[in-house]
Amino acid sequence: MKEKNVSVVRDSGTSSAPYEAPMFDDEFASYLDESLQDPEVRAAYEDGEERHRIVDSLIALRRALRLTQKAVAGRMGVRQPAVSEFENEANDPRLSTLQRYARAVEARLKVVVEMPAECDWISTSLMTYSPEKPTVVDAGVSVTKGNLARTWRARSDWELTA
2 MKEKNVSVVR DSGTSSAPYE APMFDDEFAS YLDESLQDPE VRAAYEDGEE RHRIVDSLIA
62 LRRALRLTQK AVAGRMGVRQ PAVSEFENEA NDPRLSTLQR YARAVEARLK VVVEMPAECD
122 WISTSLMTYS PEKPTVVDAG VSVTKGNLAR TWRARSDWEL TA
């Protein structure tokens with residue numbers, strides 16, 4: 002049997018009845034550890050952590066520049082509540098929003114695609130990858146919107162099957 006964490010909460014010094022704090026932290030940590038054993042859940046969690054890291058870095062830049070949310074909103078062409086919502090991290094910001102915010106705080110967002118990546122998190126229910134890692138040939142070739150998929154197939158030995 003687990004012991005409960007108990008702390009005393011006093012209301013203006015008049016009450017000394019103990020308050021039993023929930024075991025949320027321990028239970029959640031256990032649940033999270035178990036959930037992260039699933040590769041798809043782990044991938045979603047890691048992606049969320051990366052988004053939070055990016056947003057936190059942008060907020061730190063805003064604060065270092067001593068810019069208010071209202072000033073950043075003006076630079077982005079939006080209203081202050083939109084910046085507040087972005088900084089709240091309760092959403093999944095679009096890449097274009099991250100880029101606009103970065104420029105508003107005198108920074109530039111760069112996205113790096115790392116290959117090869119360990120792909121134990123790819124949903125096998127959606128697609129199957131060949132067992133060999135892809136080799137991209139002549140990646141410096143310009144790709145237009147209309148022929149993106151065709152160019153990718155021509156430049157890669159990565160086989161996808163549905």
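In terms of the working numbering, the sequence shown opens at residue 2 and continues consecutively.
Every residue, glycine too, gets a C-beta built ideally from N, C-alpha and C.
- Relative to N89, the option among R52, V106, A65, S97 whose CA is nearest is R52.
- Distance check between L59 and each of E115, M116, L110 places L110 closest, using alpha-carbon atoms only.
- Assignment of E115 by DSSP, reduced to helix, strand and coil, places it in the coil class.
- Residue range 81-89 is occupied by the alpha helix (DSSP H) that includes N89.
- Contact between the region 67-77 and the region 98-114 is present, with at least three C-beta pairs closer than 8 Å.
- With a beta-carbon spacing of about 6 Å, V73 and R63 fall inside the 8 Å limit used to define contacts.
- The continuous alpha helix (DSSP H) containing V73 extends over residues 70-77.
- Listed in chain order, the non-local C-beta contacts of Q81 below 7 Å within the same chain comprise Q70, K71, A74, local neighbours out to five positions each way being set aside.
- Taking the CA atoms as reference points, R101 sits about 15 Å from E86.
- For D93, the closest alpha carbon among the candidates M116, V112, E50 is that of E50.
- Going by C-alpha positions, A61 is about 18 Å away from L96.
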